[in-house]
Amino acid sequence: MTSRRQRGSCGKRIDARIEKEASEQMETEVPAHRILVVDDDRSLREGIGALLREEGFRATCVADGEDALLALRAEPKPCLILLDLRLPFVDGMNFRRRQLEDPKTAAVPVVVVSGRRREEEEIKRMGVSEFIGKPIAFSELLRLVVRHCARPHQH
15 MTSRRQRGSC GKRIDARIEK EASEQMETEV PAHRILVVDD DRSLREGIGA LLREEGFRAT
75 CVADGEDALL ALRAEPKPCL ILLDLRLPFV DGMNFRRRQL EDPKTAAVPV VVVSGRRREE
135 EEIKRMGVSE FIGKPIAFSE LLRLVVRHCA RPHQH
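Every number in our numbering is 14 more than the matching position in the sequence shown, counting from 1.
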């Protein structure tokens with residue numbers, strides 16, 4: 015096996031090209047794999063975040079609608095928002111209304127994760143992609159996430 019030093023300038027160009035391609039690949043892939051988790055239940059929020067990270071996704075987890083709006087506007091944009099409805103400060107429905115008012119964030123799909131099935135019809139009128147009830151089956155949640163976001167490459 016030859017070392018970098020023994021390969022000469024051609025080897026260095028190849029190494030630089032590979033590093034550049036890997037960097038470009040990371041820049042194009044990572045934004046597509048960021049998921050915004052919005053839930054005021056700390057244990058559930060952290061559990062979902064841990065599950066997503068184990069599967070290679072980047073999870074941004076926040077506890078209220080105000081922080082969710084700030085996180086949504088940050089770059090890179092998430093490929094999906096997992097949104098609880100009962101939140102402090104700005105509830106899930108108002109978060110969604112404000113998201114839709116902003117052309118930079120309106121296209122990010124939302125999956126409502128809630129125990130409030132009574133409002134399912136109103137939620138659907140808000141243009142959410144799907145509704146998943148609590149208690150959550152993590153295998154179902156992961157299938158839903160993969161359906162909305164390409165599965166990241168795990169290293």
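C-beta atoms are modelled at their ideal positions from N, C-alpha and C, and glycine is treated no differently.
Near residue i, what residues of its chain come up, given a Cβ to Cβ distance below 7 Å and the 5 sequence neighbours on each side ignored?
i, result
"D78", "D54, L101, P102, F103 and V104"
"K148", "V127, S128 and G129"
"E154", "I146"
"E144", "V125 and L158"
"L156", "L65 and E69"
"I137", "V126 and F145"
"R59", "V51, D53, C75 and A77"
Once you ignore the five residues that flank residue i on each side, which residues in its own chain have a CB closer than 6 Å to its CB?
i, result
"V76", "V52, A82 and A85"
"R67", "A73"
"R130", "L99"
"P123", "L94, S143 and H162"
Taking its Cβ as the centre, do 16 or more other Cβ atoms sit within 10 Å of residue i, making it buried, or is it exposed?
i, result
"D116", "exposed"
"A73", "buried"
"G141", "exposed"
"F109", "buried"
"P92", "buried"
"R161", "exposed"
"R63", "Looking at the sequence itself, residue 63 is Gly, so the reference to Arg does not match. Buried."
"F152", "exposed"
"R176", "The shown model of the chain, from 15 to 169, leaves out residue 176, and the question about it has no answer."
"R165", "exposed"
"R87", "exposed"
Only counting the same chain, and skipping five residues up and downstream in sequence, which positions put a Cβ closer than 8 Å to that of residue i?
i, result
"G106", "V52, G79, L97, D98, L99, R100, V126 and S128"
"R56", "A77"
"L114", "A120, M140 and G141"
"F71", "H47, R48, I49, V159, C163 and P166"
"I150", "L58, I62 and V127"
List the DSSP bridge partners of residue i.
i, result
"F145", "V126"
"V51", "C75 and L96"
Shorter than 9 Å from the beta carbon of residue i to some beta carbon of chain D?
i, result
"V104", "Checking the listed chains, one finds no chain D in this structure; it contains a single protein chain."
*Within the segment 58–120, note down every full alpha helix (DSSP H) run reaching 4 residues or more, in order along the chain.*
79–87 and 106–115
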